[in-house]
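4 protein chains.
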Amino acid sequence: MNRMEAFLILRRIPKIIPSLVVLGFFLLAVAVRAQEHTRSRDLGIPFDGMTGPLNAITDVKGVEVGNTTLILGDGQLKLGVGPVRTGVTAVFPRGKDLPEPVAAGWFTENGNGEMTGTTWVEESGLLEGPILITNTHSVGVVRDAVIAWRLKHGPQNESGYSWSLPVVAETWDGYLNDINGFHVKPEDVFHALDSAHGGAVEEGNVGGGTGMICNEFKGGIGSSSRLLDAKYGGYTVGVLVQCNYGQRDQLRIAGVPVAREIPGNNVWDDDVGSIIVVLATDAPLLPTQLRRLAKRVPLGLARDGSYSGNGSGDIFIAFSTANLGKAESKGVNQLDVLPNERMNPLFLATVQATEEAVVNAMIAAKTMTGVNGHTVIALPHDQLRKVLKKYNRLVK
Amino acid sequence: MNRMEAFLILRRIPKIIPSLVVLGFFLLAVAVRAQEHTRSRDLGIPFDGMTGPLNAITDVKGVEVGNTTLILGDGQLKLGVGPVRTGVTAVFPRGKDLPEPVAAGWFTENGNGEMTGTTWVEESGLLEGPILITNTHSVGVVRDAVIAWRLKHGPQNESGYSWSLPVVAETWDGYLNDINGFHVKPEDVFHALDSAHGGAVEEGNVGGGTGMICNEFKGGIGSSSRLLDAKYGGYTVGVLVQCNYGQRDQLRIAGVPVAREIPGNNVWDDDVGSIIVVLATDAPLLPTQLRRLAKRVPLGLARDGSYSGNGSGDIFIAFSTANLGKAESKGVNQLDVLPNERMNPLFLATVQATEEAVVNAMIAAKTMTGVNGHTVIALPHDQLRKVLKKYNRLVK
Amino acid sequence: MNRMEAFLILRRIPKIIPSLVVLGFFLLAVAVRAQEHTRSRDLGIPFDGMTGPLNAITDVKGVEVGNTTLILGDGQLKLGVGPVRTGVTAVFPRGKDLPEPVAAGWFTENGNGEMTGTTWVEESGLLEGPILITNTHSVGVVRDAVIAWRLKHGPQNESGYSWSLPVVAETWDGYLNDINGFHVKPEDVFHALDSAHGGAVEEGNVGGGTGMICNEFKGGIGSSSRLLDAKYGGYTVGVLVQCNYGQRDQLRIAGVPVAREIPGNNVWDDDVGSIIVVLATDAPLLPTQLRRLAKRVPLGLARDGSYSGNGSGDIFIAFSTANLGKAESKGVNQLDVLPNERMNPLFLATVQATEEAVVNAMIAAKTMTGVNGHTVIALPHDQLRKVLKKYNRLVK
Amino acid sequence: MNRMEAFLILRRIPKIIPSLVVLGFFLLAVAVRAQEHTRSRDLGIPFDGMTGPLNAITDVKGVEVGNTTLILGDGQLKLGVGPVRTGVTAVFPRGKDLPEPVAAGWFTENGNGEMTGTTWVEESGLLEGPILITNTHSVGVVRDAVIAWRLKHGPQNESGYSWSLPVVAETWDGYLNDINGFHVKPEDVFHALDSAHGGAVEEGNVGGGTGMICNEFKGGIGSSSRLLDAKYGGYTVGVLVQCNYGQRDQLRIAGVPVAREIPGNNVWDDDVGSIIVVLATDAPLLPTQLRRLAKRVPLGLARDGSYSGNGSGDIFIAFSTANLGKAESKGVNQLDVLPNERMNPLFLATVQATEEAVVNAMIAAKTMTGVNGHTVIALPHDQLRKVLKKYNRLVK
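Chains V, A, G and R, in that order, give the protein sequences.
The numbering of the first sequence is this note's numbering, which starts it at 186 and goes up by one.
The numbering of the second sequence is this note's numbering, which starts it at 186 and goes up by one.
The numbering of the third sequence is this note's numbering, which starts it at 186 and goes up by one.
The numbering of the fourth sequence is this note's numbering, which starts it at 186 and goes up by one.
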C-alpha cells in the first residue's frame, strides 16, 4: 500500500480524525516528495534563459499549488472500482486565503478539451478564483465542489455571484485510469485546495497529472519559470502544465528528435491527448496582454515537437498577480500597465518556460501500470542523455 | 403538494416501482401541461413571420425536449433543504436515440455565464450530444451525469471520447431557489434526458427555467419557430430560451416599452441575470454559418429591450439537423451546404423567433414565491393588452 | 454648380491659392451647413436617455470630424467621369494635432466589408490615428494617403512605424456613384483630415456618406450622444454612423415598422449595404471593455429593424479618450479603469445613441439622383410623423 | 543597370510597346531565375516529411504566383526618389483566369500588421480573389489596383461586389527601401497579377519580399510543400512566406541555434518585422478547418526560433482548391469535406512546410544594400553548414 492508497482509505474513515493532522501529514509528504524527483537540468538538457529560484510557477509570489493524487488498485478494469490513476491539481493566483480577482486571458491552440469558466474570463478580463485541473470525466464534480469550498470559507460577495463560474480544465487518463468510474469526489477537490502551498512544485505522476501520457511516455504535472533581467523589469513568468499530448516520433528535446532513437514501448501511433497550461506572472499586464502571453505557449510546445493534433485539448490560461487591491467594483481603479513595447522579454520567457515545463513533467514522471495492465514507461534518462550527447547538445 | 413535489418524493422512494410507470405518468403530465399554458399570440401580441405548426423548436424535425422541474418547500432558506425552485432542461438535436453529431456554432453577447463544451464545438464545428440547461451551481453535476447517461445507453465510440465534453449551460435562480443547496442530482438529469420528446414544448416555470426571472417578471423556458417560404427553401428555424435577464423599464413588446406603464413589484433595479438560447434549423449550414445565426440572436433580444448587462450570461448555440449520415470519421463526406447568399431569410427568422420565444416564456410563466418569501409576479396579461391597445399594436 | 462641385474644380486648379483661404471657406460652409439640417427630435420622434449638448460624437471632448463631399455630374455612367456621389469622412479621437493613441476595441456583426487596421487595434488595444470612412473601392487610396498626411505633419516616432496601419472603413455607393471610376484622390483625404473640427457634426449626404442608402431611403452620416447621470460618472458616449444598410419593410422607428405604411420608391428588395459605426467615450475603459461597447452597437441597430443581412459590412470601432498622456512606451503606465460592474449605463447609452444616430442620418439626408438617373428618396418627414401619430408615439 | 531597374524604366515609357513582348521578356527572366537560386536541401539541411515535385506552393494544382520586383538607385535616401527595394507578390488560388472563390480561413499570431479583406474571409469562409503581398505603405495602392485589374478582365458578377474586398498583406521594408516614397504603382500590381504562373517559385529578393529581413539576415519570399502519403489521401500542402521577422540569436535551423555561432553584422537587437504566410491545399476542407491549418503555421515558425515579437505582423491565410464548381450562389452546393479525424497529417505537413519555407527564403536571398548604405547580409551558406555539422545535423 503506497502513500496515496493510504489517502484514499483515510478519506473514507470517520471524520473524527482532526483534519489538521491529515493536513500536516500531507504537507510533510509533499515537502519530502518535492525534493525527491529529478528535473531536466539535472540531466544536462540545455535550456535558454534564467530561471527563478524554484524554476517553478511558485516563483511568482503568491501562487500556491495543491494536489490530490488518487492511486488505488491494479489489474482488470472494474467500472467504479478501479484501477484508479487520477487526481486533482489546484492553482491559486494569490494564495488560498485571498480571493481577490486577477487579470487574466486565455487561448486555445486546439480545442478538443474543456476549460470551464473561460467565457467569463474572456468577457471580464478577470480570473476570480483558483484554476483546477483533473481528468475529462470529473470536470463537473470538481467545478461544483469549487463553489462549495468557497461557500465553506466565507460569505459570497454581495452580488452572490463570486466563484459561481469556476475555471476547471482536464485531460484524458482513460488508458491508465477507470475514468468512467468517476472516482474524484468533492473531498478530493477540497483537499487539493486546502493543501495548496508555495515553494517547490510536485511534478510527474501527481494531482491531475497522475494518469497522463506525454509523447507516448509517462507525462503529468511539470513546471518551470523565467526571471527577466532587471533592465526588462525583473518580472517572473511561471508555467505549470498538465501534459498528456504528443506523438513519440515528433518529440524534440533541445531541438533534437530524441525519441526516434529511443525505440519500443509505443502507446499509440497518433497525436492523442491534450495539454493544459497555467501561466502566472507578476508583470502588470492587461487581459489582452495576458492573452498574448497565452498565445506564445504553443510556440514553446512546438519546440518540443507538438503539432497540436485533432484529438488534443491544448488550452492555456495566463494571469497577472500585479495590481493587488485594485479590483474594486466601485469608483475608478488605477492599474499599473506595462506598455506593449516592453512585452518581448515576457514573450520569450513564456516560450522558454513552456518548453522546459513539459520536459520537466516527463523527466519527473515514473513508469506506471494502470487499467488492464496497460504500462506507460517513463522517458529513460540514460538513453535521452546518450542521444543528446550524439548531437552535441548535452551541457553536463 | 403539487405535481412536482410529488416527483421529488417519488425520486427518493425505492427503485422497485418500474421506471416505465413513472415515465408514463410524466409523459401524461407533460402532454396535459403542454396544452394548458397561454402563449403570446393568444393575447393578440403582433409578431412578424410565419411560424411552424407548433411554434416551437420541435418544429425542426428530430428535435426533442425534456424537463425535470424541482419545486419543494416554502419559507425561510435552509441551506441544502430548500425552498427548491430549479430544474434541468435537455434538448436533443436528433432525438435521444440518435447520437450522431450535428454541425454547430455558438456566440456570446455577454459572457457572464457558462456553457461547457463550447471550446470543442468551436474547434470541431460539431455538437456531439444533447444541450442541457440548469442553474448556475449545478452545471457540474449535470455535465458529468450526461457522460454517465451516455455510458448507460451504449458503448462509447472506438475513440472512447464521444460525449466526453458535454454542452451544459446555466442561468442563476438564487433569488427564488436554494441554489447553494445543490439540489439537482444525477437522476434529475437522467429524467430530463429520458423524458425528452417531440411535439409541444413546455414553457414558463419548467425545467431549468423553473426559478428564473425575466425583465423583473417571472421568466423561464420559452420557444418559437419560423417556417421559411418555399421559395427560400421551406426551412424551419426553431428557438428555445431559458430567460433570466433584463431590466423592467427596458422591456419592449411589439416595440412598445410596455412595463413602464405596468408599475410596481420590481425585483431589482438593474440588468441582472442571463439568457441561454438554443437554435435549431434543418437548413444545411456549415459551422461558420450557424455561428452567423447565433450572432443574430441578440438582435431579437434587442427588439425585446435587452442591452445585455454586465451581469448577464447571454450565450447562444445553433445547430443544423441536415446532413444526417454524413459525419463519418473516415473517407470524405459530401455535405449539402446553403450558399451565404441565401441566408437572409434565416437571419430574419432567427431574429423573429428569438423575439417571440422570450415573450412566450414570460406569458407562460406564473407568479412564484420562493426562498425567504421572495415573490416574482408573472407579467399581467390584461395590463399588457391594455398598454398594447393604447399604442394601437393589439391584433385581436 | 453647387458648393461641392466647386470644391472639385478648386481641387484641380493650381496650388497657388493659399490653402488657408480654402480652409476658411470650408469651415464657414461647414458652420452654416451644420445648422441647416433637420434632426430626429425636431420631428417629435421619441428616444430614451439624455443627450449631450450637441447630440453628436463631438460631445466627447477632443473628438473632431472632417468631411470631403464629392458631387459632380449627372446622367449616364461614364467610367472615370461620373456622375460622382462619394466622399471621405475623418474622425480624430483627440483632435488632428494630437497623435497620441487611444484605447480601442472593435466588433463586426456581419463582415461583408472592410475596416483596415483592425488586426493591430485588436492586438495592441490601441488606435493610433484617425478613423476614415469612404466608399468600398477607395479604401486603398485613403489608407495610403493617411500615412502620407502623417508624414507631412511631423516625423514618425522613433520606431518608424507610427500610423503605418491606418484604420479605413467603407460602405458601397455604386448605385448612385461611379464607384469604379476611383474618384477619391489623396488631396480629398487630406482635406477631410485638415478640415476636421469639433462642434456640430454634418449629417446626411456628406463625406463618406454622400452616396449612401439606408433602409432603401437616402442614408449617409448621422450622429448622436448620451450623457450619463453624475451618479454613473457623468461620462459621455458619442456615436457616428455611415449608414448604408437595411431593407425598407424592416425599418422600425420608435418601435413602429413605419415604412410598411410609406409605400413606393423601393430601391431593392433585400438587405443590401452596410453600416460603419464609430463610438467615442471619455469613460476610462480598457480595450476589452471598449469591445464590449462595440458589441452593443448591433442592439441599437436591431431597434431600428436591422437583421444584419449577408451583404452587409456591419463593422464597429469604439475608443476612449481617457488616460491622456499615459501611453508611454517606456516604464509602466498608470491607467484609470472603470470596473465592469459600472458599465451598464454605458451599454445602455451605446444602444440608445446608435439607435438615434441612424435615424438622424436618414432624417438629415436629402433625395439624391446619381448614375443613370437612379434616384433615392429621403424618408418623407410628414409621412413619418403621420405613422408615428397613428401608433401614439409622436412626442411633439 | 540590372534587370529590375530596366523594368522600372520600361514602366515609364509609352504604352506603345506591346505588353506581350514585355510579358515574354519577364517570363523568360523568371524561368531563368527560378533555376538559379540555392535551396535549403541543396545545403544538406534536414527536414521531415515528403515534399511535392517542386517543393513549392505551386505543387497545389492551379496555384499561380507572380512577382514585380522594384530595385532602383543607391546611396542616401531621397524621399520619393529612392533607393527603391520593394515589390509585389501575387498568389492566385485557381490561376489568374478562374475567379471562382475558394474556401479559406485565417489566423494571426501577432497582429502588428495588415491583411485587408480578412473580415469578409472570416464571415463568408471564402477567398474571392488573389492574395497580394507588398510593403507596409503600399497596401492601399495594391488593394485598389486589384479591383481595377478585375474590372479590366471582365464584368463584375451580377451583385457588383465581386473582388471589392481584396486580400492584401504587407511587411515593412523601410530599412532598405524608401518606403515613404510610395514607389509601388498600379501597373506594378497589374504586372504581378498578369505574370502569375505555375511551376517553380522565385525565392529570396523578389516581389514583395525584395527588401525584407529575416532573423537579421536577408529575407524575402520562400516556399515549400508536403505531399501526404496515399493512405492519408495523397493531398498536397503548399506554403509561401514573405519573411521579415526575427531576432538573430533566436534563429534555429534543424533545431540548432545556428546564428549564435555566426557572429557579426547584426541589424538590430530585437524581434522586429513580420511574416505573411499563404497556405494552399487541395484537401477538401471547410473554412473552420482551414483556420485550423493557419493556426499550425506558428508551430512551424517556432521550430525556426520565432517568439512572435510585439512588432511583428504574423498573419496567415489558408485556402483549399477543392470543390471546384461548387460555389454557386443559388440552390444547394454539395461539398466534399474531410473529417476532422483525418486532419493530423495535414497539421504536421503545415508545420513542416512552414519551417522549411522560411529557411528557403533565407537561403535563396542575397546580400542587399539599400537606403543610406544599409547592408543586410545573406545567411552565409558555408558557416551554416559548419555549425550544423558540429551538431551532427548535416545530411549531405
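All residues carry an ideal CB built from backbone N, CA and C; glycine is no exception.
On a predicted model such as this, the values are computed, not experimentally measured, just so you know.
Determine, using beta carbons only, whether residue i and residue j come nearer to each other than 9 angstroms.
i, j, result
"R/Leu-564", "R/Ala-439", "no"
"V/Ala-534", "V/Phe-292", "no"
"R/Val-294", "R/Ile-500", "The residue asked about is misnamed: residue 294 of chain R is Glu in this sequence, not Val. Cβ atoms of R/Glu-294 and R/Ile-500: closer than 9 angstroms."
"A/Val-544", "A/Leu-361", "no"
"V/Val-374", "V/Ala-275", "yes"
What does the alpha-carbon distance come out to for the pair residue i and residue j?
i, j, result
"R/Gly-229", "R/Asn-577", "11 angstroms"
"R/Ser-505", "R/Thr-466", "5 angstroms"
"V/Trp-334", "V/Ala-377", "11 angstroms"
"A/Asn-429", "V/Lys-246", "40 angstroms"
"A/Val-273", "A/Asn-252", "6 angstroms"
"V/Thr-243", "A/Asp-489", "49 angstroms"
"V/Ile-548", "V/Val-561", "13 angstroms"
"A/Tyr-492", "G/Val-536", "7 angstroms"
"V/Asp-521", "V/Arg-477", "17 angstroms"
"G/Val-463", "G/Leu-317", "10 angstroms"
"G/Asp-567", "G/Ala-546", "16 angstroms"
"G/Leu-579", "R/Pro-315", "52 angstroms"
"R/Asp-358", "G/Gly-310", "25 angstroms"
Any beta carbon of chain A sitting closer than 9 angstroms to that of residue i?
i, result
"R/Gln-474", "yes"
"V/Phe-232", "no"
"G/Val-536", "yes"
"R/Asn-518", "yes"
So residue i and residue j are supposed to be a Cβ contact under 8 angstroms. How far apart are they, rounded?
i, j, result
"A/Thr-304", "A/Arg-328", "The pair is not a contact, with the Cβ atoms about 13 angstroms apart (cut-off 8 angstroms)."
"R/Gly-419", "R/Leu-413", "6 angstroms"
"A/Leu-523", "A/Leu-470", "6 angstroms"
"R/Gly-394", "R/Ile-406", "4 angstroms"
"R/Asn-495", "V/Glu-526", "6 angstroms"
Flag residue i as yes if its beta-carbon sits less than 9 angstroms from any beta-carbon of chain R, otherwise no.
i, result
"V/Val-426", "no"
"A/Asn-240", "no"
"A/Gly-302", "no"
"G/Thr-271", "no"
"V/Ala-381", "no"
Give the interface partners of residue i over in chain R, defined as CB-CB distance under 7 angstroms, in chain order.
i, result
"A/Ser-514", "Pro-524, Glu-526"
"V/Glu-294", "Lys-480"
Whose Cβ in chain V lies nearer than 8 angstroms to the Cβ of residue i?
i, result
"R/Asn-577", "Lys-575, Tyr-576, Asn-577"
"R/Ser-155", "This structure does not reach residue 155 of chain R, given that chain R is present from 186 up to 581, and the question cannot be answered."
Verify the CB distance criterion: does residue i have a CB-CB separation below 9 angstroms to chain V?
i, result
"R/Pro-199", "Residue placement at R/Pro-199 is flagged as unreliable, the pLDDT there being 44, under the threshold of 50; the coordinate-derived value follows with that caveat. No, because no Cβ of chain V sits closer than 9 angstroms to the Cβ of R/Pro-199."
"G/Ser-204", "Residue placement at G/Ser-204 is flagged as unreliable, the pLDDT there being 48, under the threshold of 50; the coordinate-derived value follows with that caveat. By this cut-off, G/Ser-204 is not an interface position."
Report yes or no: is there a C-beta of chain G within less than 9 angstroms of the C-beta of residue i?
i, result
"A/Lys-480", "yes"
Using a cut-off of 7 angstroms between C-beta atoms, extract the partners of residue i located in chain G.
i, result
"V/Gln-435", "Near V/Gln-435 there are no residues of chain G at all, since even the closest Cβ is about 30 angstroms away, more than 7 angstroms."
"A/Gly-298", "Neighbours of A/Gly-298 on chain G: none; closest Cβ ~14 angstroms, over 7 angstroms."
Can we count residue i as close to the ligand HEM, meaning its CB is less than 8 angstroms from some heavy atom?
i, result
"R/Asn-450", "The ligand HEM is not part of this structure, which contains no ligands at all."
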